[in-house]
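Residue numbers (my numbering): 2 to 786.
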DNA sequence: TTAGGGTTAG
């Protein structure tokens, strides 16, 4: 083997010799013959440039720096080389430092400098720095340079400011194919598929330029965004017409597009015709199978690709993970194990995908563990962890992570906001809700439709329907979700008629209702007892809108039938349903049986529920309370024993009242507050004031519990204590809002109706199902909940 | 010496 071409520090086999590895900074002397003979200061400019370039091209930035630092009065070209070297070696902060040093040294940055500076700003996510750079370009008269403008389009697009990218593009005196491709891709990056495709078309019409592989690949991504296989097919034809079909990157983009548009068959056919495949191609196909609910095929690819002598990589694992949501946690764990064995971990994207998988499979502990041990976390990882907590009902924990994220100089994005908003809604805390609303208004997502929809829902869930409506009314771009949300908001508050008026408004504005709209409408009808309107809409959804009722719609109809009191009709309806009844359906029958005081039917419904959910706490509690009402104490004891056997514990009833930014929590018989004594005294006075007799409020049905369970007296129930505390702590005439974690009992519901009349106050109680608005002795629920 | 996106997480 000839050795003449080997560097001096390599042995004959081409390996680096151990001696050279021990030699400090050997590369300094191997870069240029000039350096062996002359000290750097004596080198002429051309030699320095040549040597510096050789260091930079081989990624040896330390050597480049040493040479640069010893060069007297480096010119713009040398400064540019250093900035380029750092930017291309991904030392972006150092590139920026050099740019600033260059300015401090009085050197003028030129058209070659700025593309690297802009690239560094993008990589560092330095939006403010990027803006300063753009400002500087105007001062130095480089704001129209082709290369710089192309870089700026990329910068604004990547910072999510596609309108600013457009402005740069529109004002360019000359555009080339990179300008057009950058704009086409900029729209894709910002989720604007159609605008990207329009731009793609305009390029040929306006400029006469021919699309290259880059433009085609971006346009295919735009088709995926819009799920438009037809547009994708047109681009496929263009690819064939212009001889791009043998390009593996274009082929992979086509395959990916077909998968994302749900056309797996086309993707498979394309895959079969490909004369070369690599791991990226396989990954696209695996991701396509996982995405299109074909987990078996996704997993089968792992074996097939190995037969093709192609091994999986970290992206293969990422693409396989969604298939685990169908095939179960054991497959997810297997992928995690394989990733460890193949040394794919640590890997930022893969770890984040694993967090998501564990959370969706209900293994929150594993998700938490993975998140905690990650050495590097992106905003996406934080968002995944927030979503993991919210999905698993750990709302306070989600809030903790969100606040932690905000304290780490990470700027929440649309995903962060839309992930955390449901946690605020579920916590139903108006003070927290107002805080997040104020935060969102100050952020750049203050007018985003997705975020505003979450805010409408949050206010409605927190009991503040007025603000919910104000946010809705002020929205500039209302979508179908905005309408569905405000309709169900009015439904939750028992304003069925207003909900139906809104539904009419929506239709009159030409917005086509969808499945969720009818869930909102039917929920509103059922919670307000609008039986005729409920049936009318249930029939209309099928006949006028061709929407097949789903289990949620049937659930609302069972609620409505329950209200009419015809339990037999309700059972017939359930049995005639084309879908398998869920525990929620039988729960509606149970509620109806309770309201009709039909123990036999309640037992029937409970039996069905326990067959599906043996640990349904609400069912045990409701059944037990019915037995107690009927004086069937042995059955009460039997239910208690059953609960014990199943390990089911009765949820501790809690009622929350927010006062002056503080949340006051009450449990039954609560004596833990500073003002507990006066609260109990006022409760007694009110009890007498509304005409409650000993039988109404002091009598406990179960003689076994008399004496020891003074706290179970209705007038000592958490909700009564919260209401009384609200009455004595707030301005006369102002409404009182209390939230309860379990359903309000009959006694309290009756008493609060009377208290609202006696105290001339509006009292709003939100329980797990509905907001009861008590005014002048009446409740909006019509005494059915 | 200057601009660029085949598959990948929320």
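Don't be surprised by glycine CBs; every beta carbon is placed ideally from N, CA and C.
Sequence-distant Cβ neighbours of residue 75 in its own chain, meaning closer than 7 angstroms and more than five residues away, are 69.
In this model, residue 545 and residue 231 are separated by some 29 angstroms (Cα to Cα). The beta-bridge partner set that DSSP reports for residue 664 consists of 659. Rounded to the nearest angstrom, the gap between the Cα atoms of residue 148 and residue 187 is 16 angstroms.
Taking a cut-off of 8 angstroms for Cβ pairs, the stretch 500-509 and the stretch 543-560 do not touch, as fewer than three such pairs fall below it.
The shortest C-alpha to C-alpha distance from residue 582 to any of 602, 555, 568 is the one to 555.
Per DSSP, residue 756 is one residue of the alpha helix (DSSP H) stretching across 747-760. In its chain, beyond the 5 residues on either side, 460 have a beta carbon closer than 6 angstroms to the beta carbon of residue 468.
Annotation: residue 531 is outside any alpha helix (DSSP H) and is labelled neither H nor E by DSSP. Residue pairing of residue 767 in beta bridges, as defined by DSSP: 740, 772. In the structure shown, residue 160 falls within a coil segment according to DSSP collapsed to helix, strand and coil. For residue 443, the enclosing alpha helix (DSSP H) has its first and last residue at 431-443. Restricting attention to 92, 384, 558, the CA atom closest to the CA of residue 542 is found in 558. If you draw a straight line from the Cα of residue 723 to the Cα of residue 498, it comes to about 30 angstroms. Where residue 727 is concerned, the enclosing alpha helix (DSSP H) starts and stops at 719-730.
The DSSP-derived three-state label of residue 620 is helix.
Proximity to residue 248 across 268, 213, 222 peaks at 213, based on C-alpha coordinates.
Beta-bridge analysis with DSSP links residue 780 to 775.
Straight-line measurement puts the Cα of residue 585 at about 28 angstroms from the Cα of residue 366.
According to the DSSP assignment, residue 84 belongs to the alpha helix (DSSP H) that extends over 77-89. Considered as a whole, the stretch 132-200 harbours 147-159, 163-171, 178-190 as its complete alpha helix (DSSP H) runs of no fewer than 4 residues, in chain order. With 16 or more other Cβ atoms inside 10 Å of its own Cβ, residue 257 counts as buried.
Boundaries of the alpha helix (DSSP H) around residue 231: 230-242. Taking the CA atoms as reference points, residue 653 sits about 16 angstroms from residue 739. Assigned with DSSP and collapsed to three states, residue 99 falls in helix. Annotation: the continuous alpha helix (DSSP H) that includes residue 680 extends over 677-690.
Here residue 181 is buried, its C-beta having at least 16 other C-beta atoms within 10 Å. Comparing C-alpha distances from residue 85 to each of 59, 110, 771, 114 shows the shortest one belongs to 114. Taking the C-beta atoms as reference points, residue 629 is found nearer than 7 angstroms to residue 637. Taking residue 415 as the centre and dropping the five residues before and after it, the same chain places the C-beta of 446, 449, 451, 452 closer than 8 angstroms to its C-beta, in chain order. Residues 93 of the same chain have their beta carbon placed closer than 6 angstroms to that of residue 125, with the five preceding and five following residues left out of the count.
A Cβ-Cβ separation of about 6 angstroms places residue 356 in contact with residue 389 under the 8 angstroms criterion. Every alpha helix (DSSP H) stretch that sits fully inside the stretch 266-346 and reaches 4 residues is listed by chain position as 280-292, 296-308, 315-328, 330-342. The beta carbon of residue 647 sits closer than 7 angstroms to those of 615, 616, all from its chain and outside the five residues before and after it, given in chain order.
Here the stretch 511-521 makes no contact with the stretch 757-764; the two share fewer than three CB pairs at distances below 8 angstroms.
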